[in-house]
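Remarks on the structure that follows.
Numbering (my numbering), first residue to last: 628 to 1220.
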C-alpha cells in the first residue's frame, strides 16, 4: 500500500488502520427466501436482540402525529468499531409537555460471538430522549470525537451529548428565536454550512397542529366513520436552521441565513454540495407544497433556487407529497442526484443533476429511468441508496406505509410491502420482487443503511409506525455455508476521521477508481438522510478483481482492474490519494497536517 500526496499547499498526510475484517458466518439463519430475485436479506431483529416496537400512542383521537413516526440512527456510541442502534419512541399522544413520554431505546452492538453472529443488548447509557419522538441524526457536534445525537419531537428538538464514557448527558432542548405553541420537528441534517469547522443543523418541521383543533373529518359525509384529518387542512410550520457556535452550542440563525421562508410542511431534508463549489447546499422535501432547494452562497447564507433548479415540482409542473429523500450519484457521472418519496398515485421522483460548472439544474427522469412507476400504488417514507448486490451500481430501497387506516384508493393498503429497485450504472432502475420484501407488510417509516456486521455490504434497519423494527442482514452473494463467494476480496470500505471539530469529515468527497462499474464511484459524507433517520458513516465500493468481467461489457471498466486508487477531498478542500488500498477491510483514513 502506498500514498501519494495531493496537489496544493498545506497538503495532509493520512494515517490508515484496518477495521472490521470480513466476518465468516457459520450459517444463514431465518428465512432468506427469494434468492431468484438476486437479493437475499435475512430478518435478524429477534435473533440478534433488537427487541423494539414503536408505540404511536393512539388513543382514539385520530391525530396526524400518531401516523408519522418514527426514525432510527446507526451510531458507534462507544467507539468500539461496531455500529449500535438508536430507535426513537413516540406515544402517548398528546404528550403532556413535561418530557415524561416513552423513552427512546439504545442497543449496543457486541460484535461477533463464537457462532459468528452479531448480538445487540439494551444499553444503559444515561437518560435517553423522551417525549413524542419523531426523527434522529447522529454526529459529533461538539468536536470531542464522541458521537452525539439530536432527536426531533412533536415538541422541542433536543441534543444528547456523548460523554465519551458510554453515557449521554440529559437532553438539552435547542432554543428558538420565535417558537410555535406546538412545534413539530421531523427529519434533520447536519453540515458545516458556513465552513467554520463545526457542524450546523437544519430541522425540517411539518404542520401547525393543535391537538384540540376541533375538526371532525369524515370521508363520506356526517354518517361515515371519523378518520385522521388530511394534512392539507393545516398550515405548515417554519423550518429551523441552527448555527453551531462551538462545542455544540446551537443558535437559531434561520432568518439571518435567508431561510425564514421555509414553511412548506417539511418532512425530509439533506445537506449536499449539489453544484460542486465546496459549499453544502440544502434540499427539503415538503408535503403538498413546493420542495425547496437553497444554494449556499458562502459563509452559510442561502438563496432560494427551488423553481429555477427544477426540483420544486415534478416534470408536469405539480408539487407532490414529499416525505423522505436521499442524495447520491445514481448515474455514475460524478455529481449528486436527488430522490424523493411521495404519496400513492404520485410515484417517487428522481431528479438527475444536469448542471454544468456553476449551474444548479435538475431534470425529473422518474419515468424514463424506470424509477417512478413501481411506486404508483405505494406511499413512500424512508429511502436509501446502496450497492446491495455489489455489482458496481447503486440500488434503492424504500420503506412504505400509508397514513390512513383505510386508504381511499383501490390497490392501496395501510400496511404495504417495501420497494427494492435494482440499479444500473447508467442510472436506470428495475423493480425486484422478493419473498422477503413482500412478506408480512407493515406501516414502514424510517430506513437506514449500515454494515452492522462489518462484512462489507449494506444492511438495513427499517422502523414501522406502531409496529416492530426489522433488522435486515444482507446475505446477498453468500454460499450455503454463509461464506462470501468472493472470499472477502470484493469490496473496499472507508471510514474518514477528520480534524476536530468536524471529526467525521462531514462534507468530504471520496472517489474510488478500480471498482465495478463504468466510471469511478463517488461518495459524499453526509449526516441525516432518508426519513427521520441517520445511516452509517462508512463508505463502501465493490472492487473489480483480476479476471472479473466488466458488468456491462464496458472496455473502460475492465481497464480499471489493477489500477485501484482512492481520492479523498477533505471538507476544507485539501486532497490526498491512496494507491492500491487494501480490500476486504475497512480502511480508516485520518486527516493530518
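All C-beta atoms, glycine included, are put in the ideal place defined by N, C-alpha and C.
Residue 1150: first and last residue of the uninterrupted beta strand (DSSP E) it sits in: Position 523 of the chain shown, counting from 1, holds the residue named residue 1150. Residue 1150 -> beta strand (DSSP E) spans 1148 to 1151.
Following the continuous beta strand (DSSP E) through residue 1167, name the residue where it begins and the one where it ends. Within the chain shown, residue 1167 is the residue found at index 540, counting from 1. DSSP places residue 1167 in the uninterrupted beta strand (DSSP E) bounded by 1166 to 1169.
Tell me, please, whether the region 1045 to 1052 touches the region 1195 to 1211 by the rule of three or more beta-carbon pairs shorter than 8 Å. Contact check between the region 1045 to 1052 and the region 1195 to 1211: fewer than three CB pairs, one atom from each, fall below 8 Å, which does not count as touching.
When DSSP labels each residue in this structure, what does residue 1218 get in the three-state scheme? Along the chain shown, read from residue 1 onward, the residue named residue 1218 stands at position 591. Note: residue 1218 maps to strand in three-state DSSP.
In the DSSP output, what is residue 1043 paired with across the bridge? Counted from its first residue, the chain shown places residue 1043 at position 416. Residue 1043 is bridged to 1069.
Whole-angstrom Cβ separation of residue 667 and residue 1102, contact assumed at under 8 Å? Looking up residue 667 in the chain shown gives position 40. Looking up residue 1102 in the chain shown gives position 475. For a cut-off of 8 Å, the C-beta gap from residue 667 to residue 1102 is around 5 Å, short enough to register as a contact.
Which residue comes first and which comes last in the alpha helix (DSSP H) that contains residue 674? Your numbering for residue 674 matches position 47 in the chain shown. Boundaries of the alpha helix (DSSP H) harbouring residue 674: 672 to 675, taken from the DSSP string.
Excluding the 5 residues flanking residue 874 on each side, which residues of the same chain have their C-beta closer than 6 Å to its C-beta? Along the chain shown, read from residue 1 onward, the residue named residue 874 stands at position 247. Annotation for residue 874: 769 place their beta carbon closer than 6 Å to its own, counting only its chain and skipping 5 residues before and after.
Under the rule that 16 or more other beta-carbon atoms within 10 Å means buried, what is residue 1027, buried or exposed? Translated into the one-based positions of the chain shown, residue 1027 becomes position 400. So residue 1027 ends up on the buried side.
Residue 917: first and last residue of the uninterrupted beta strand (DSSP E) it sits in: Taking the chain shown and counting its residues from 1, one reaches residue 917 at position 290. Run containing residue 917: none; DSSP gives neither H nor E here.
So which of 1032, 1143 and 1129 has the shortest CA-CA distance to residue 846? Position 219 of the chain shown holds residue 846. Selection 1032, 1143 and 1129 evaluated against residue 846 yields 1032 as nearest (Cα-Cα).
Are there 16 or more other CB atoms within 10 angstroms of the CB of residue 1037, so buried, or fewer, so exposed? As a working mapping, residue 1037 is identified with position 410 in the chain shown. By the neighbour-count rule (16 or more Cβ atoms within 10 Å), residue 1037 is not buried but exposed.
Are three or more beta carbon pairs between the region 756 to 765 and the region 1145 to 1163 nearer than 8 Å? Contact holds: three or more Cβ-Cβ distances are below 8 Å.
Exposed or buried, what is residue 1205 when buried is set at 16 or more other beta-carbons lying within 10 Å of its beta-carbon? For the purposes of this step, residue 1205 is taken as residue 578 along the chain shown, with counting starting at 1. Here residue 1205 is buried. Its C-beta has 16 or more other C-beta atoms within 10 Å.
Near residue 710, what residues of its chain come up, given a Cβ to Cβ distance below 8 Å and the 5 sequence neighbours on each side ignored? Taking the chain shown and counting its residues from 1, one reaches residue 710 at position 83. Non-local C-beta neighbours of residue 710 in its own chain, meaning closer than 8 Å and more than five positions away in sequence, comprise 701, 702, 703, 736, 1077, 1078, 1079 and 1163, ordered along the chain.
What separation, rounded to the nearest whole angstrom, lies between the Cα atoms of residue 1134 and residue 964? Here residue 1134 refers to the residue found at position 507 of the chain shown. Here residue 964 refers to the residue found at position 337 of the chain shown. Each residue's CA atom was taken as its position, placing residue 1134 and residue 964 some 16 Å apart.
Using the Cα positions of residue 994 and residue 788, report the straight-line distance between them to the nearest angstrom. Residue mapping note: residue 994 aligns to position 367 of the chain shown, counting from 1. Residue mapping note: residue 788 aligns to position 161 of the chain shown, counting from 1. About 44 Å.
The beta strand (DSSP E) enclosing residue 779, as first and last residue numbers: What you label residue 779 is simply residue 152 of the chain shown in a count that begins at 1. Per DSSP, residue 779 is one residue of the beta strand (DSSP E) stretching across 775 to 780.
Going along the chain, which unbroken runs of the beta strand (DSSP E) with 3 or more residues stay wholly within the region 840 to 893? If one requires a minimum length of 3 residues, the beta strand (DSSP E) runs lying completely within the region 840 to 893 are 867 to 871 and 877 to 879, in chain order.
For residue 992, which residues from the same chain have a beta carbon less than 6 Å from its beta carbon, with the 5 sequence-adjacent residues on both sides left out? Numbered from 1 along the chain shown, position 365 holds the residue referred to as residue 992. Result list for residue 992: 977 and 979, in chain order.
With distances taken between CB atoms, is the gap from residue 1091 to residue 1119 smaller than 8 Å? The residue given as residue 1091 occupies position 464 in the chain shown. The residue given as residue 1119 occupies position 492 in the chain shown. Not in contact: residue 1091 and residue 1119 (Cβ atoms no closer than 8 Å).
Cβ neighbour criterion (16 or more within 10 Å) applied to residue 680: As a working note, residue 680 is residue 53 in the chain shown. Exposure of residue 680 is indicated by the presence of fewer than 16 other C-beta atoms within 10 angstroms of its C-beta.
Ends of the beta strand (DSSP E) at residue 828? Here residue 828 is taken as the residue at index 201 of the chain shown, counted from 1. It spans 827 to 832 - the beta strand (DSSP E) in which residue 828 sits, taken as one unbroken run.
Length of the line joining the Cα atoms of residue 1211 and residue 1151: In the chain shown, the residue the question calls residue 1211 occupies position 584. In the chain shown, the residue the question calls residue 1151 occupies position 524. Rounded to whole angstroms, residue 1211 to residue 1151 spans 21 Å at the Cα level.
Taking one C-beta from the region 825 to 843 and one from the region 852 to 864 each time, how about it: are there three or more such pairs within less than 8 Å? The region 825 to 843, when compared against the region 852 to 864, does touch it at the 8 Å Cβ threshold.
Would you call residue 862 buried or exposed, if buried means 16 or more other Cβ atoms sit within 10 Å of its Cβ? Here residue 862 corresponds to residue number 235 of the chain shown, with the count starting at 1. When all chains shown are included, residue 862 counts as exposed.
Rounded C-beta distance between residue 987 and residue 932? I'm assuming under 8 Å. For this step, residue 987 is matched to residue 360 along the chain shown. For this step, residue 932 is matched to residue 305 along the chain shown. The beta-carbon separation of residue 987 and residue 932, rounded to 5 Å, stays under the 8 Å limit for a contact.
Between residue 1194 and residue 1137, what straight-line distance do the alpha-carbon atoms span, to the nearest angstrom? Looking up residue 1194 in the chain shown gives position 567. Looking up residue 1137 in the chain shown gives position 510. Take the alpha-carbon of residue 1194 and the one of residue 1137: they are about 6 Å apart.
If you follow the alpha helix (DSSP H) that residue 934 is part of, which residue opens it and which one closes it? The count along the chain shown starts at 1 and reaches residue 934 at position 307. Under the DSSP assignment, residue 934 falls in the alpha helix (DSSP H) whose first and last residues are 933 to 936.
Looking at the structure shown, is residue 660 part of a helix, part of a strand, or coil, going by DSSP? Here residue 660 corresponds to residue number 33 of the chain shown, with the count starting at 1. Since pLDDT at residue 660 reaches only 39, below the 50 mark, its modelled position is unreliable, and the value read off the structure follows with that caveat. Taken through DSSP and simplified to helix, strand or coil, residue 660 comes out as coil.
Separation of residue 1216 from residue 1124, as counted between CA atoms: Residue numbering aside, residue 1124 sits at position 497 when the chain shown is read from its first letter. Residue numbering aside, residue 1216 sits at position 589 when the chain shown is read from its first letter. It is roughly 6 Å from the alpha-carbon of residue 1124 to the alpha-carbon of residue 1216.
Contact check, residue 919 vs residue 891, beta carbons under 8 Å: In the chain shown, the residue the question calls residue 919 occupies position 292. In the chain shown, the residue the question calls residue 891 occupies position 264. Yes, Cβ-Cβ distance for residue 919 and residue 891 is below 8 Å.
Based on Cα-Cα distance, which residue from 1072, 972, 1071 and 983 lies nearest to residue 1035? Against the chain shown, residue 1035 aligns to sequence position 408. It is 972 whose Cα lies nearest to the Cα of residue 1035.
Below 6 Å CB to CB, which residues in the same chain sit around residue 800 once its five sequence neighbours on both sides are set aside? Stepping through the chain shown from its first residue, residue 800 is reached at position 173. So the qualifying residues of the chain are 783 and 785.
Which residue marks the beginning of the beta strand (DSSP E) containing residue 1120, and which one marks its end? Stepping through the chain shown from its first residue, residue 1120 is reached at position 493. Bounds of the beta strand (DSSP E) holding residue 1120 are 1118 to 1124.
Can you tell which of 796, 685 and 1016 has the C-alpha that lies nearest to the C-alpha of residue 722? Residue 722 sits at position 95 when you count from the first residue of the chain shown. Among 796, 685 and 1016, the Cα nearest to that of residue 722 is on 685.
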